[in-house]
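Below is one structure, written out as structure tokens; the observations come after it.
2 protein chains.
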Amino acid sequence: MQFDASGLKFDDRGLIPAIAQDAESGEVLMMAWMNEEAIQRTLESGKVTYWSRSRQSFWVKGESSGHVQELVDFRFDCDKDCILVTVRQTGPACHTNRRSCFYTAVRDGNEVELMAPMV
Amino acid sequence: MQFDASGLKFDDRGLIPAIAQDAESGEVLMMAWMNEEAIQRTLESGKVTYWSRSRQSFWVKGESSGHVQELVDFRFDCDKDCILVTVRQTGPACHTNRRSCFYTAVRDGNEVELMAPMV
Chain D
12 MQFDASGLKF
22 DDRGLIPAIA
32 QDAESGEVLM
42 MAWMNEEAIQ
52 RTLESGKVTY
62 WSRSRQSFWV
72 KGESSGHVQE
82 LVDFRFDCDK
92 DCILVTVRQT
102 GPACHTNRRS
112 CFYTAVRDGN
122 EVELMAPMV
Chain Y
12 MQFDASGLKF
22 DDRGLIPAIA
32 QDAESGEVLM
42 MAWMNEEAIQ
52 RTLESGKVTY
62 WSRSRQSFWV
72 KGESSGHVQE
82 LVDFRFDCDK
92 DCILVTVRQT
102 GPACHTNRRS
112 CFYTAVRDGN
122 EVELMAPMV
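Chains as they are written, first to last, in the numbering used here: chain D, 12 to 130; chain Y, 12 to 130.
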């Protein structure tokens, strides 16, 4: 069946959450948002492209930092309201220079930092 | 530093997206939503608990199906607006009986089913 991005479920801002996972290690790197055109751009270019809610513009991940995400596989879930992209990540995914944005855990009620910034 | 769930960023419905990942295989299983109390219940009980938007009630994952998610690690991202739980998943995570909700890929413009329901 041919994929039609307009068949996905977008929220009232026209956005859908997109999880980025390292294709090789399986590590969950980040979560950001896409709109219908960001999905099309991602699929056509092979460069993962989000919609920046703060800047209200397309955000080709790594365009300014060089920390690009090369698309390996594009998936969506059973409810069609969430996207999972597996990617080849260059450098850190997080703007704090950490490999993943999920670097803080809660253990025994305390915040624990799991990884340091890459140097 | 002590964790305070009220320091996370919830949307205008009081919700935050939560990604569930298999702690052993690294597979991304599903994405659902939590509110502040669902987070507290998850941390206190060790059973991953979401907020069901459709039913407007707490949803202890697996409570009726038996497909529970035992919490292994609770993490949040740099922006404090997304949660990642790593879990020990009993049975399929998806209501379609598939291991993961992300069983459809888009390849060469077509939808491809990646896994069959568990039997």
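The beta-carbon is built from N, C-alpha and C at its ideal position, and this holds for glycine as well.
Just so we're clear, the structure is a prediction, and the values are computed from it rather than from any experiment.
Sequence-distant residues of the same chain with beta carbon closer than 8 Å to residue i, five excluded per side
i	result
F87 (chain D)	L19, C93, I94 and L95
T101 (chain D)	G73, G77, H78, V79, Q80 and E81
V98 (chain Y)	A31, Q32, D33, A34, L40, V59, Q80, E81, L82 and V83
is_contact[residue i, chain Y] using C-beta, thresh 8 Å
i	result
T107 (chain D)	yes
Q13 (chain D)	yes
Q32 (chain D)	yes
V96 (chain D)	no
P28 (chain D)	yes
T115 (chain D)	yes
G37 (chain D)	yes
Neighbourhood of residue i by C-beta distance below 6 Å, restricted to the same chain and skipping five residues each side
i	result
I30 (chain D)	M42 and L95
V71 (chain D)	K58 and T60
Straight-line gap, residue i to residue j (C-alpha atoms, nearest Å)
i	j	result
E81 (chain D)	S111 (chain D)	16 Å
P128 (chain Y)	E122 (chain D)	37 Å
D15 (chain Y)	E74 (chain Y)	26 Å
G120 (chain Y)	K58 (chain D)	16 Å
I27 (chain D)	V130 (chain Y)	31 Å
E47 (chain Y)	F85 (chain Y)	14 Å
A49 (chain Y)	Y61 (chain D)	28 Å
DSSP three-state assignment for residue i, whether helix, strand or coil
i	result
L40 (chain D)	strand
R52 (chain D)	helix
E47 (chain Y)	helix
A29 (chain Y)	strand
S17 (chain D)	helix
Short CB-CB distance (under 8 Å) between residue i and chain D
i	result
E133 (chain Y)	Chain Y is shown from 12 up to 130; residue 133 (chain Y) falls before or after that span and cannot be answered.
M41 (chain Y)	yes
L54 (chain Y)	yes
Contact set for residue i: own chain, Cβ-Cβ below 7 Å, skip 5 residues either direction
i	result
F113 (chain D)	V39
R64 (chain Y)	W44
A104 (chain Y)	A31, L40, M41, H78, R110, S111 and C112
E124 (chain Y)	Y114 and T115
Within chain B, the residues that residue i reaches when beta carbons sit closer than 7 Å
i	result
R86 (chain Y)	The structure shown contains no chain B; the protein chains it does contain are D and Y.
**Item:** Runs of beta strand (DSSP E) wholly within the stretch 68 to 93 of chain D (minimum 3 residues, chain order)
**Value:** If only uninterrupted beta strand (DSSP E) runs of at least 3 residues are considered, those enclosed by the stretch 68 to 93 of chain D are 68 to 71 and 80 to 87.
**Request:** Could you tell me which uninterrupted alpha helix (DSSP H) segments, each at least 4 residues in length, are contained entirely in the stretch 90 to 126 of chain D, listed from first to last along the chain?
**Result:** As far as the stretch 90 to 126 of chain D is concerned, it has no whole alpha helix (DSSP H) run of at least 4 residues.
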